[in-house]
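Protein chains in written order, with this note's numbering: chain A, 1006 to 1120; chain B, 880 to 989.
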């Protein structure tokens, strides 16, 4: 079966520090991968999605970047965090060897607090 | 991105009551998904709908894919305390970018 791992679960970082959040998927190949941000427990905002290694699409201009160095690895980064980057970050996957109609599956999220 | 409007925004109900919530889109979707999110966790898929008019059940949950393909409904029968959480609708565009509704927060009073 397929599983998704996201870490760390919580993170407290000072303003101006770098960020690296990692997400890996097991049990499938060539999945679509996504990063979402959720503020105040509501409203999932799509940040980045990737349909393959090295292929990243950004939904909104922001202080963050994403990379996909391996098929089942998706990384969210920032060179210098802002206070407004605080939030709940969720990684998700779909597809791969499954059918086109595969739904989206989420990791357990990372709670980021920028101080 | 596409907008999904979800209502109601929040609900406070007595245990045992039925719940109804809906989601509307400004554009057509070929898939509708319903998720539940518990505090501090990622959303979990409840029901997936793939065909206009489709009615699908998962235990006490029933969801429908609207005929116009611009709306969907989720019903929960005989609510229990563990139904508490935030419920989201979602749909993908043709590029498999998934957009989410604003969420319905459900509180069940024992």
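Glycine included, each C-beta is placed from N, C-alpha and C at the ideal position.
Residue-chain proximity (residue 867 (chain B), chain A), Cβ-Cβ < 8 Å: An answer regarding residue 867 (chain B) cannot be provided, because it is not within the stretch 880 to 989 covered by chain B.
Rounded to whole angstroms, what is the Cα-Cα separation between residue 989 (chain B) and residue 898 (chain B)? Between the C-alpha atoms of residue 989 (chain B) and residue 898 (chain B) there is a straight-line separation of about 15 Å.
Proximity to residue 1071 (chain A) [Cα-Cα], best of A:1089, A:1095 and A:1048: The shortest C-alpha separation from residue 1071 (chain A) is found at A:1095.
Counting pairs of beta carbons, one from the segment 881-890 of chain B and one from the segment 1057-1066 of chain A, are three or more of them closer than 8 Å? Touching, no, given that fewer than three Cβ pairs across the two stretches are closer than 8 Å.
Please confirm whether residue 986 (chain B) has its beta-carbon closer than 8 Å to some beta-carbon of chain D. Although the question refers to chain D, the structure presented lacks it and instead comprises the protein chains A and B.
Is residue 1109 (chain A) helix, strand or coil when you go by DSSP? Residue 1109 (chain A): coil per DSSP, three-state reduction.
Pairwise C-alpha distance: residue 971 (chain B) and residue 1103 (chain A): Note that residue 1103 (chain A) scores 47 on pLDDT, short of 50, meaning its location in the model is unreliable; the coordinates nonetheless yield the value given after this. When rounded, the distance between both Cα atoms is 16 Å.
Determine whether the beta carbon atoms of residue 966 (chain B) and residue 983 (chain B) lie at a separation below 8 Å. Yes, the Cβ-Cβ distance between residue 966 (chain B) and residue 983 (chain B) is below 8 Å.
Any C-beta of chain B sitting closer than 8 Å to the C-beta of residue 1103 (chain A)? No answer about residue 1103 (chain A) holds up, because its pLDDT of 47 lies below 50 and its placement is not dependable.
Pull out every residue of the segment 922-943 of chain B whose Cβ sits closer than 7 Å to any Cβ of chain A, in chain order. Against chain A - using a Cβ distance shorter than 7 Å - the residues of the segment 922-943 of chain B are 922, 924, 927 and 929.
Rounded to a whole number of angstroms, what is the C-alpha to C-alpha distance between residue 1055 (chain A) and residue 1029 (chain A)? Between the C-alpha atoms of residue 1055 (chain A) and residue 1029 (chain A) there is a straight-line separation of about 13 Å.
Using a beta-carbon distance cut-off of less than 9 Å, what residues from the segment 946-975 of chain B approach chain A? Of all residues in the segment 946-975 of chain B, 965, 967, 969, 971, 974 and 975 have a Cβ within less than 9 Å of some Cβ in chain A.
Interface flag, residue 903 (chain B) vs chain A, CB-CB below 8 Å: Interface residue (Cβ-Cβ distance to chain A less than 8 Å): residue 903 (chain B) is not classified as such.
Let's see if you can read the secondary structure: which residues bound the beta strand (DSSP E) around residue 1080 (chain A)? Following the DSSP letters along the chain, one finds residue 1080 (chain A) inside the beta strand (DSSP E) bounded by residues 1078-1083.
Counting only Cβ pairs nearer than 9 Å, list the residues of chain B close to residue 1035 (chain A). None at all; the shortest Cβ gap to chain B is about 12 Å.
N- and C-terminal bounds of the beta strand (DSSP E) containing residue 924 (chain B): Unbroken beta strand (DSSP E) run through residue 924 (chain B): 923-928.
In whole angstroms, what is the alpha-carbon distance linking residue 1011 (chain A) and residue 1033 (chain A)? The straight-line gap separating the alpha-carbon atoms of residue 1011 (chain A) and residue 1033 (chain A) is approximately 16 Å.
As assigned by DSSP and simplified to three states, the class of residue 917 (chain B): Coil, per DSSP.
I need the straight-line Cα distance from residue 1086 (chain A) to residue 1038 (chain A), nearest angstrom please. Our two residues, residue 1086 (chain A) and residue 1038 (chain A), have alpha carbons roughly 23 Å apart in a direct line.
So residue 972 (chain B) is in the beta strand (DSSP E); what residue range does that whole segment cover? Here residue 972 (chain B) belongs to no beta strand (DSSP E), and DSSP marks it neither H nor E.
Name, please, each residue of chain B whose Cβ falls closer than 7 Å to the Cβ of residue 1054 (chain A). Within chain B, the residues whose beta carbon sits less than 7 Å from that of residue 1054 (chain A) are 976, listed in sequence order.
Three or more beta-carbon pairs under 8 Å between the segment 929-942 of chain B and the segment 1013-1030 of chain A, yes or no? Touching, no, given that fewer than three Cβ pairs across the two stretches are closer than 8 Å.
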